[in-house]
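One structure below.
Residue numbers (our numbering): 1085 to 1365.
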């Protein structure tokens, strides 16, 4: 592991890293964008963040400037047990932000681990081993963000089994609540069978266009159904946020002042506030 991952003694905590999973079985709702920019925003306010890319498409890796030809090891190697989590972590251009990149090899991982009795706990065991081996209960990072594929497959189940909480990106569109209902059912099933401590951290409304009256109705409907589980921060539809991945940068590095970047900074602050209430409870 790169020595820059060694935690500062003044920032050591008694708690292990908090594991937050970005999950929604629908594609195009902003999971990867949220993982990249929430991770960057948390790092910007002083947290040490590790993003684990579990999507075979590898968009989180690309969006943080990790070229495909440089992905010598990946989350695939970690899940099949050929490499430890520590061995597959690479730094990004963002201070205090690290990533476990993804490759297309992940497409075959379900078949490779299907016969293993611990197939749903591969990620959890890798995280536990990493925390133990780091010589510090924090495992060197304070937050782990997991970017999941747009399906409820074994990769997503691994993430949910390892998570403390789920962050649900939800696009402000007509079928939003329908997709949310299916995900909540899955989360409840995982809680009952694999991970009793799993909770919904919050629902983040993404790609909001105030000029679209339907978008406003979706926001109202989701808040009515989910109450305070919905973050106050709403992520607007923003051209600069959409452009950033093609430059291998998070939006906060590409254009800090744009509306999307500012919204993700607010979301990071809101996540920290919720974390504070969780610790105080």
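Ideal placement from N, C-alpha and C gives every residue a C-beta, glycine not left out.
Secondary structure note for residue 1269: its alpha helix (DSSP H) is the uninterrupted segment 1260-1277. Contact annotation: residue 1149 and residue 1177 have beta-carbon atoms nearer than 8 Å. Uninterrupted alpha helix (DSSP H) stretches at least 4 residues long and entirely within the region 1194-1218 occur at 1206-1217, given in chain order. The criterion of a C-beta distance shorter than 8 Å is satisfied by residue 1168 and residue 1214.
For residue 1102, the beta-bridge partners assigned by DSSP are 1227. In this structure the region 1241-1253 touches the region 1266-1280; the number of beta carbon pairs closer than 8 Å is three or more. Beta-bridge analysis with DSSP links residue 1137 to 1231.
Ranked by how close their Cα comes to the Cα of residue 1362, the residues 1174, 1132, 1249 and 1300 have 1249 in first place. Inter-residue distance for residue 1190 and residue 1271 is about 22 Å (C-alpha atoms, whole angstroms). The way I'd put it, the region 1250-1258 does touch the region 1106-1115; three or more beta-carbon pairs between them come closer than 8 Å. Under the DSSP assignment, residue 1249 falls in the beta strand (DSSP E) whose first and last residues are 1249-1255. Around residue 1198, the same chain offers 1238 as residues with beta carbons nearer than 8 Å, after the five sequence neighbours per side are excluded.
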